[in-house]
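Chains as they are written, first to last, in our numbering: chain B, -2 to 258; chain V, -2 to 258.
All residues carry an ideal CB built from backbone N, CA and C; glycine is no exception.
For reference, the structure is listed below as structure tokens.
Protein chains: 2
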Amino acid sequence: MSILSAAVDVLRCFSSTRHDVTVTDLVSLLGMPKSNASRLLRAMRDEGLLETVGDSKRYRPSLLLSQVGHIYRFAASLIDRADAVVGRISDEVGHTGYISVRRGTDIVGVTAHPGRHALRVVTSIGDRIAAFASSTGRALLARLPDDEVRRLYAGGFVPPSDTAPQDLDELLARLAINRREGYAESHDEAVRGVRAISVSVGDPTTGDEVALCISFPAAIVTPEERLAIIRSLGEGAAEIAALTRDPFFIPLHPSIAETAP
Amino acid sequence: MSILSAAVDVLRCFSSTRHDVTVTDLVSLLGMPKSNASRLLRAMRDEGLLETVGDSKRYRPSLLLSQVGHIYRFAASLIDRADAVVGRISDEVGHTGYISVRRGTDIVGVTAHPGRHALRVVTSIGDRIAAFASSTGRALLARLPDDEVRRLYAGGFVPPSDTAPQDLDELLARLAINRREGYAESHDEAVRGVRAISVSVGDPTTGDEVALCISFPAAIVTPEERLAIIRSLGEGAAEIAALTRDPFFIPLHPSIAETAP
DNA sequence: ACTCAAGTTCCATTTTATGGAACTCTCTTG
DNA sequence: CAAGAGAGTTCCATAAAATGGAACTTGAGT
């Protein structure tokens, strides 16, 4: 056990609901002796990974981490491109847009563009949600062959709501539809009343894959608006796929993509 | 020398111009034996601090760092409040807005809102500029007593242009004006043709201090627009200062703050 | 197939981390 | 205001990990 892994464990303690940690937090969260916790936090602060909050005994991530974390977006330039596309669409339609990446069976939001509507979907960057029960997750899972999806979910899963896939077979059936149509959709899955539409695109040179998603209250969007969102997302993702020469890109089905005469 | 400090040295290698590193990069940048560089990068990747780019030998910051770095903004909630204010003003006037923090004699950009104008100031998050030669820097230095400024610049400084303070006395004189007027301004300092206006505010409970800045091409802003920007920044900062009960807040001079009848 | 640059592995030595216990500091409470 | 509790720090011998030079492997370009 290197001190490096202990330090990373500390970083993993931070979340959208825990912005700072203390020695005792580490003792209870990680079960480490408090002598270690005390020295580790001080060492991480001395090295510049953490900052103390005011003159208290609380530690939070440092400016350095903020800077390095920011570079992730540019290093993974696919994210930047996708973010630009989602930002533009979010601006046009006024609904919340975000982009996410998959880590195993989890989806993590990377960037978000809040909508303008009074009734808007609020997303939290950095939180993990289940891939199988979200449109972003299924848009990304649809890029995998069924075998690999089966392997990922060998342990089964617990559906969070009635409209989410109830078992592996239903998930695979929905992924098959996603592959045919070129987009994924969710309704009342993680949050009631919320609908979301996602497409995915990858960059074979870096191995990155991201989902582009627009999320909106189901009640206030007309069928025409919904179709326009699907088309915008599909077109944006197709442009990126052309740039990266993504071999696994799933284009919109022609019957959806064709614009009215 | 703990491996922690070596790992942090690696993180410091990343910049807006270096999005990923290799073993040889570390050997030349940090002068470490390549055996160490090789193991260190692998260990950092295994722990989740870095990711390999595709299947190449290049390493970039990981999603984890992106997530933790994001938390910095919320942990330092002053930054979030200031960012909201600057974002709104940037939207209104169409010019680039950003917020920065001070680390010693350096200023680091934390968030930015690009302007809408065709001619716009582009800032890069995470890069360091000299505090004495920027409006954001002087807005933050103005919060310190002269003694402390003298101590910071005991080693003197090299002015980057004719319009920047040429020596410590001129810097102190300009800080005195900033304290009286309630804002700081730069013109042709870091970048020719660029003007910037900054105010600063702090949070005594966390010890954080940030500068709010609007930056614009000198040629296209009228005196009335400039005054409106100063007033917007001053009012926004004053609202934050009231929330945090900032004891060192410098309000706008009444002759500037008063709006036309 | 050859060459060179880049990266990885090996190993004895040196340095650092570990965790229990004693100690200090700082609030809270009687 | 003193006792007590909770939180954090320091100490120390032991256990574990990092170091760096050299040998070895990989891979891209000729």
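Can a CB atom of chain B be found closer than 8 angstroms to the CB of arginine 70 (chain V)?
yes
Can you pull the DSSP bridge partners for alanine 215 (chain V)?
In DSSP, alanine 215 (chain V) forms no bridge with anything.
On the DSSP bridge list, what partners appear for leucine 209 (chain B)?
B:Ile96 and B:Val196
Quick one: does phenylalanine 0 (chain V) have its CB under 8 angstroms from some CB of chain B?
Checking the sequence, you will find isoleucine at residue 0 (chain V) rather than phenylalanine. So yes, isoleucine 0 (chain V) belongs to the interface.
Go through its chain and collect everything with a Cβ distance to serine 35 (chain B)'s Cβ below 7 angstroms, but skip five positions before and after it.
Val20
Quick check: aspartate 80 (chain V) and phenylalanine 71 (chain V), are their CB atoms within less than 8 angstroms of each other?
no
Against chain V, which members of the segment 37 to 64 of chain B pass a CB distance test of less than 8 angstroms?
Ala40, Met41, Glu44, Gly45, Leu46, Val50, Gly51, Asp52, Arg57, Pro58, Ser59, Leu60, Leu61, Leu62, Ser63 and Gln64
DSSP-derived helix/strand/coil call for isoleucine 86 (chain V):
helix
So, with DSSP's three-state summary, where would you put arginine 57 (chain B)?
strand
Starting from the Cα of aspartate 185 (chain B), find the closest Cα among B:Arg39, B:Leu230 and B:Ala130 and give me that residue.
B:Ala130
My guess is that leucine 62 (chain V) and tyrosine 180 (chain B) are in contact by the Cβ rule of under 8 angstroms, so how many angstroms apart are they, rounded?
The pair is not a contact, with the Cβ atoms about 31 angstroms apart (cut-off 8 angstroms).
What residue from V:Val98, V:Thr108, V:Gly94 and V:Gly91 has the CA that sits closest to histidine 67 (chain B)'s CA?
V:Thr108
Straight-line Cα distance separating proline 248 (chain V) from arginine 99 (chain B)
47 angstroms
Could you check which residue in V:Glu232, V:Ile237, V:Asp243 and V:Ala239 has the C-alpha nearest to that of proline 251 (chain V)?
V:Glu232
For a cutoff of 8 angstroms on Cβ pairs, would you count alanine 4 (chain V) as touching chain B?
yes
In whole angstroms, what separates the C-alpha of leucine 174 (chain V) from that of glycine 101 (chain V)?
One detail in the question is off: residue 174 (chain V) reads as isoleucine in this sequence, not leucine. C-alpha separation (whole angstroms): 22 angstroms.
Of the listed residues V:Val65, V:Leu75 and V:Gln163, nearest to isoleucine 122 (chain B) (C-alpha basis):
V:Val65
Spatial distance of histidine 114 (chain V) from alanine 254 (chain B) (CA atoms)
33 angstroms
Please list the terminal residues of the continuous beta strand (DSSP E) segment that includes aspartate 143 (chain B).
Counting along the chain, aspartate 143 (chain B) falls outside any beta strand (DSSP E), though it belongs to the alpha helix (DSSP H) covering 143 to 149.
Whole angstroms are fine: how far does the CA of glycine 204 (chain V) sit from the CA of aspartate 43 (chain V)?
35 angstroms
Spatial neighbours of histidine 16 (chain V) in its chain, beta-carbon cut-off 7 angstroms, leaving aside the 5 residues before and after
Arg57
DSSP on proline 134 (chain V), reduced to helix/strand/coil?
Note on identity: in this sequence residue 134 (chain V) is glycine, with proline being the wrong assignment. Correct three-state label for glycine 134 (chain V): helix.
Three-state secondary structure (DSSP) at leucine 47 (chain B)?
strand
Distance cutoff 8 angstroms, beta carbons only. Does leucine 8 (chain V) sit that close to anything in chain B?
yes
Determine the extent of the beta strand (DSSP E) in which threonine 108 (chain V) is found, giving its start and end residues.
103 to 110
Residue range of the alpha helix (DSSP H) that includes arginine 125 (chain V)
It is not in any alpha helix (DSSP H) - arginine 125 (chain V) instead sits in the beta strand (DSSP E) that spans 125 to 127.
Integer-rounded CB distance, given that arginine 171 (chain V) should sit under 8 angstroms from lysine 157 (chain V):
Correcting the residue type first, residue 157 (chain V) is proline in the shown sequence and not lysine. Between arginine 171 (chain V) and proline 157 (chain V) the Cβ distance is about 15 angstroms, and since that is not below 8 angstroms, they are no contact.
Compare the Cα-Cα distances from alanine 4 (chain V) to each of V:Thr14, V:Ser12 and V:Arg39 and report the closest residue.
V:Arg39
Go through its chain and collect everything with a Cβ distance to leucine 165 (chain V)'s Cβ below 6 angstroms, but skip five positions before and after it.
Tyr150
Closer than 7 angstroms, Cβ to Cβ, to anything on chain B: give me those residues from the segment 202 to 214 of chain V, in chain order.
Thr202, Thr203 and Gly204
Answer yes or no: does any C-beta atom of chain B fall closer than 8 angstroms to that of isoleucine 344 (chain V)?
Nothing about residue 344 (chain V) can be reported from this structure: the residues present for chain V run from -2 to 258 only.
Spell out whether any CB of chain B is found under 8 angstroms from the CB atom of alanine 257 (chain V).
Any reading at alanine 257 (chain V) must be qualified, since the residue scores a pLDDT of 43, below 50, and its modelled position is unreliable; the value itself is stated next. Answer no: the Cβ-Cβ gap between alanine 257 (chain V) and chain B never drops below 8 angstroms.
Neighbourhood of leucine 230 (chain B) by C-beta, 7 angstroms cutoff - its chain only, sequence neighbours within 5 removed:
Ile86, Tyr180, Ile194, Val196, Leu209 and Ile211
What would DSSP say about serine 158 (chain V), mapped onto helix, strand or coil?
coil
Helix, strand or coil: how does DSSP classify valine 188 (chain V) here?
coil
Per-residue DSSP class, three states only, for alanine 73 (chain B):
coil
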